[in-house]
Structure formats: structure tokens, C-alpha cells
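Numbering (my numbering), first residue to last: 28 to 300.
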């Protein structure tokens with residue numbers, strides 16, 4: 028099982044490292060997707076755009092990493108106004124946010140640019156590009172420090188821009204299962220997975236104080252900022268509004284040539300309450 032090693036998934040992983048039916052390793056979002064595509068993992072939380080790129084995946088129901096407005100951990104740092112960006116450095120840890128940044132720059136701001144993959148170092152990005160995409164914990168730390176703004180750079184929260192433009196929420200990641208490891212989406216094993224990962228999320232939020240304490244030490248951030256991020260910036264439940272936002276995002280991604288076709292993930296049936 029491939030898990031993302033960012034704070035944003037911490038409440039979703041509670042107890043799964045001790046689950047005897049699962050073996051978990053942690054990495055960055057793009058590598059989670061690559062592990063599933065290569066058959067190196069049967070299950071993983073992956074950038075949602077990869078659900079449209081990797082054949083033979085099912086999604087677990089009810090659980091996501093999403094945002095309705097401001098997220099604070101998906102940032103575009105700029106040396107110039109967005110409409111004047113001609114070169115864009117994309118955090119190679121990202122796939123969904125990389126697509127989102129390109130869609131917003133072209134469709135929302137009318138920018139004409141070339142994009143390149145880069146290490147998640149915002150200063151290095153801006154040494155050779157007009158703008159850089161930074162995601163995850165480094166982005167959250169930068170946002171809270173105010174360092175980029177203090178040095179005169181522009182900063183856009185891409186979840187905020189998306190919501191202001193579309194009035195829709197945004198899904199960044201979903202749990203995905205390789206279909207060949209589970210031939211029937213309504214099998215007993217599939218139902219067990221769906222129930223187990225929903226339960227992990229619920230238990231994670233029951234233990235949110237412990238999670239905030241641990242991650243505050245890891246990231247050297249105040250506990251109250253960790254809690255605010257997990258409780259107010261992010262959403263970890265999946266509803267119809269999120270799927271509407273996902274459908275619109277995938278339509279735009281297909282139009283931009285970032286995926287071959289727009290198709291919503293096939294979900295394993297949710298367990299009955």
C-alpha cells in the first residue's frame with residue numbers, strides 16, 4: 028500500500044500501519060501513482076488526475092483529500108502577475124496540482140507559457156522561471172512564514188482561485204485499488220477495504236490532538252495551525268459536490284491535452300451506514 032507522506036493525509040492513515048492485512052510504505056504523491064501503475068502496490072492514495080491516466084483502477088468511496096476554498100498547501104509563487112507568466116516550474120512531487128496550475132494559468136488568466144519539472148525548492152524555481160508550483164508540507168510552511176510575500180513575490184492559493192472561478196470544490200487525491208488485485212468491486216474484500224478506510228479516517232479525527240502534536244514537531248509549526256489546516260482548509264469526506272468539481276476539472280484537463288479523455292473514477296460500493 029502506497030501512502031502520501033504529507034500532513035494532508037495524516038488523519039486518513041490512523042491505525043493502518045498496524046493493520047495485519049496491509050503493508051504500507053510512504054512516499055510523495057507522484058511516486059504513489061507510479062507504484063500503482065507499475066504494479067509495485069495494489070492500493071494507494073494517488074493524485075486524482077492519475078485515475079484518468081492509469082487503466083484498471085477503482086476508487087474507494089467516501090474518502091478524499093479535497094478543499095472547498097483556501098487550502099494553503101498548493102501555492103503558485105510568482106515573480107510577475109499570472110497573466111504575464113511565460114515559464115512555469117512544476118513541483119515534480121505533484122500531478123493533480125501541476126495540471127490545475129496549468130489549467131488556471133491558461134484558462135483563467137490567459138497566460139502563454141512553457142512548463143518544466145523541478146525540485147520542490149521555490150527559490151531555485153524562481154531563479155530560472157517566472158513562477159513555481161509548490162505543494163504539500165513545504166508549501167504550508169512557506170505560506171505560514173509569509174517569507175515569499177515579504178520578499179516581494181506574488182503567491183496564489185490555487186484552491187482559492189479554482190473556487191472563485193468555478194464555485195466548485197476540488198479533489199486532490201483518492202484511494203485507488205488495482206482492479207486486477209480485486210476482480211469484483213462488490214466482493215467481500217472490496218467491502219472490507221471500503222469500510223476499513225472510512226473507519227481509519229473516523230479514528231484519525233478522533234485522535235486529532237495526537238496527530239497535531241506529532242506533526243507540529245515534525246514541521247516545526249504551531250499545533251493550532253496544524254489543527255486549522257486539517258479541520259478547516261482540508262476536507263476528507265467525499266460528496267456529490269466534490270464529484271461535480273472533479274468532473275469539471277477532468278473535462279478541462281482533457282481539453283488541455285493533459286489526459287486523453289475525461290472519465291470519472293469507478294468507485295467500489297460504499298458500506299451501508
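Backbone N, C-alpha and C define an ideal beta-carbon position, used for all residues, glycine too.
Buried or exposed, going by whether 16 or more other CB atoms sit within 10 Å of the CB of residue 123?
Under this definition residue 123 is a buried residue.
Sheet register partners of residue 71 (DSSP bridge):
Note: residue 71 sits in a beta bridge opposite 29 and 203.
If I measure Cβ to Cβ from residue 208 and keep anything under 8 Å in the same chain, skipping five residues before and after, which residues do I get?
Cβ neighbours of residue 208 beyond the five flanking positions: 69 and 70.
Just to check my reading of the structure: residue 128 and residue 160 have Cβ atoms closer than 8 Å, yes? What is that Cβ distance to the nearest angstrom?
About 5 Å separates the two Cβ atoms, so the contact holds.
Under the three-state DSSP convention, the category residue 188 falls into
Here DSSP, grouped into helix, strand and coil, assigns residue 188 to helix.
Which term fits residue 139, buried or exposed, when burial requires 16 or more other beta carbons within 10 angstroms of its beta carbon?
Per the 10 Å Cβ criterion, exposed.
Do you know offhand how far residue 27's Cα is from residue 171's?
Nothing can be reported for residue 27: it is not among the residues displayed for the chain, which extend from 28 to 300.
Tell me the rounded alpha-carbon separation between residue 61 and residue 67.
Approximately 8 Å, taken between the alpha carbons.
Take the Cβ of residue 237 as the centre, count every other Cβ of all protein chains shown within 10 Å, and call the residue buried at 16 or more, exposed below.
So residue 237 ends up on the exposed side.
Best match in 202, 121, 117 and 49 for proximity to residue 158 [C-alpha to C-alpha]:
Among 202, 121, 117 and 49, the Cα nearest to that of residue 158 belongs to 117.
With a floor of 3 residues, list each beta strand (DSSP E) that falls wholly inside the stretch 67-145, ordered by position along the chain.
You should have 70-74, 84-86, 90-94, 101-105, 114-118 and 141-145.
When you compare the CB of residue 71 with every CB in chain D, is at least one pair closer than 8 Å?
Reference to chain D is not applicable here, since this structure consists of a single protein chain.
Could you pull out every residue in the same chain whose Cβ sits closer than 7 Å to the Cβ of residue 269, ignoring the five residues on either side in sequence?
The answer, listed in chain order, is 91, 93, 196 and 198.
Determine the direct distance from the alpha carbon of residue 296 to that of residue 120, and round the result to whole angstroms.
Computed Cα separation, rounded: 30 Å.
Is it buried or exposed, residue 247, if we count other Cβ atoms within 10 angstroms and call 16 or more buried?
Residue 247 is exposed by the Cβ-count criterion.
Residue 147, buried or exposed, once every other Cβ within 10 Å from all chains shown has been counted against 16:
Looking at its Cβ environment, which holds 16 or more other Cβ atoms inside 10 Å, residue 147 is buried.
Of the residues 244, 149, 133 and 136, the one placed nearest residue 178, counting alpha carbons only:
Looking at 244, 149, 133 and 136, the one whose alpha-carbon comes closest to that of residue 178 is 149.
Taking only three categories from DSSP, how would you classify residue 286?
Three-state DSSP puts residue 286 in coil, outside helix and strand.
Compute the Euclidean distance between the alpha carbons of residue 261 and residue 205, then round it to the nearest angstrom.
Looking at the two C-alpha atoms, the distance is approximately 26 Å.
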